[in-house]
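Undergrad: Counting with our numbering, you get residues 30 to 203 for the letters of the sequence shown.
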Amino acid sequence: MHQTHEIAQLGAKILRQHALAVEDVHAPDIRQTIELMQQIMMDTQGVGIAAPQICVSKRIIIVASRPTKRYPYAPQMAPTVMINPNFQPLSDQTEKGWEGCLSIPAIRALVPRYQAISSQYTDLQGVRRTINLEGFIARIFQHECDHLDGKLYLDRVENNGEIISETEFYKLIA
Ligand code: NI
Numbered sequence: 030m031h032q033t034h035e036i037a038q039l040g041a042k043i044l045r046q047h048a049l050a051v052e053d054v055h056a057p058d059i060r061q062t063i064e065l066m067q068q069i070m071m072d073t074q075g076v077g078i079a080a081p082q083i084c085v086s087k088r089i090i091i092v093a094s095r096p097t098k099r100y101p102y103a104p105q106m107a108p109t110v111m112i113n114p115n116f117q118p119l120s121d122q123t124e125k126g127w128e129g130c131l132s133i134p135a136i137r138a139l140v141p142r143y144q145a146i147s148s149q150y151t152d153l154q155g156v157r158r159t160i161n162l163e164g165f166i167a168r169i170f171q172h173e174c175d176h177l178d179g180k181l182y183l184d185r186v187e188n189n190g191e192i193i194s195e196t197e198f199y200k201l202i203a
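(1) Pull the bridge partners of residue 192 from the DSSP assignment, please.
(2) Give me the Cβ distance between residue 112 and residue 89, rounded to the nearest whole Å; I'm assuming they're in contact under 8 angstroms.
(3) Check residue 62 in the structure and name its three-state DSSP category.
(4) So the candidates are 166, 110, 173; which of them puts its Cα closest to the Cα of residue 130?
(5) Between which residues of its own chain and residue 100 is the CB-CB distance below 6 angstroms, once the five residues before and five after are set aside?
(6) With a CB to CB cut of under 6 angstroms and the five nearest residues on each side skipped, what residues in its chain are close to residue 155?
(7) Please classify residue 31: does DSSP put it in a helix, a strand, or coil?
(8) Which runs of the beta strand (DSSP E), 3 residues or longer, sit entirely within the stretch 68-100?
(9) What's the gap between the Cα of residue 153 and the Cα of residue 118?
(10) So, do the stretch 175-183 and the stretch 31-51 have three or more beta carbon pairs nearer to each other than 8 angstroms?
(11) What I want to know is whether the C-beta of residue 174 ends up closer than 6 angstroms to one or more non-hydrogen atoms of the ligand NI.
(12) Quick check on residue 182: buried or exposed, where buried means 16 or more other Cβ atoms within 10 Å of its Cβ?
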């Protein structure tokens with residue numbers, strides 16, 4: 030039996046696939062996937078998750094920035110389920126920041142991301158929404174959207190010297 034509560038790990042093919050758009054946000058299988066993602070968000074110290082990470086190749090993410098052991102400096106926001114998300118940068122300005130991923134344990138790296146974006150997504154009621162995001166929350170959103178296109182943050186690292194162990198990361202931010 031397939032254990033969907035396990036988080037797909039680096040090397041799993043599903044993490045490299047282009048996820049399919051959700052057609053009906055109310056479909057029972059979609060609701061079940063979202064509930065499982067919400068549960069895993071609560072059980073882990075993550076600040077975001079994408080459906081492919083629980084082995085469902087659908088375009089669903091949750092952005093849930095909050096200070097956690099993994100990200101002590103993360104700003105607080107209400108966890109937000111975002112279906113069929115996409116975005117446009119509001120300027121060319123990018124900044125490098127530390128990222129990790131539940132699918133790539135024990136590693137952190139500096140990743141360049143757009144500093145400010147206009148994001149669009151469909152909410153749990155099926156309403157299309159637009160919201161401007163910046164800084165760390167924009168970073169999480171871009172990281173999770175990458176998961177839907179089969180990309181991982183290590184693909185965006187510019188220099189191997191900017192990949193460090195989680196142990197060193199915690200020393201850095203102490
Ligand atoms: Ni990730």
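For each residue, glycine too, the CB sits at the ideal point set by N, CA and C.
The structure displayed is predicted, hence computed values, not measured ones.
TA: Per the coordinate set shown:
(1) Sequence index remark: in the sequence shown, residue 192 carries index 163 (1-based). Bridge partners of residue 192: 138.
(2) Looking up residue 112 in the sequence shown gives position 83. Looking up residue 89 in the sequence shown gives position 60. Going by Cβ atoms, the distance from residue 112 to residue 89 rounds to 5 angstroms, so yes, they are a contact pair.
(3) Taking the first residue of the sequence shown as position 1, residue 62 is located at position 33. Helix, per DSSP.
(4) On the sequence shown, position 101 is the one that residue 130 refers to. Looking at the Cα atoms, 173 is the closest of the given residues.
(5) Position 71 of the sequence shown, counted from the first residue, corresponds to residue 100. Cβ within range, chain order: 76.
(6) In the sequence shown, counting from the first residue as 1, residue 155 sits at position 126. Excluding positions up to five away in sequence, the list reads 54.
(7) Here residue 31 is taken as the residue at index 2 of the sequence shown, counted from 1. With a pLDDT of 41 at residue 31, under the threshold of 50, the modelled position of that residue is not reliable, and no figure is offered here.
(8) 77-79, 89-92
(9) What you label residue 153 is simply residue 124 of the sequence shown in a count that begins at 1. What you label residue 118 is simply residue 89 of the sequence shown in a count that begins at 1. About 24 angstroms.
(10) yes
(11) Numbered from its first residue, the sequence shown carries residue 174 at position 145. No - the ligand NI has no heavy atom lying nearer than 6 angstroms to the Cβ of residue 174.
(12) The sequence position of residue 182 within the sequence shown is 153, counting from 1. Per the 10 Å Cβ criterion, buried.
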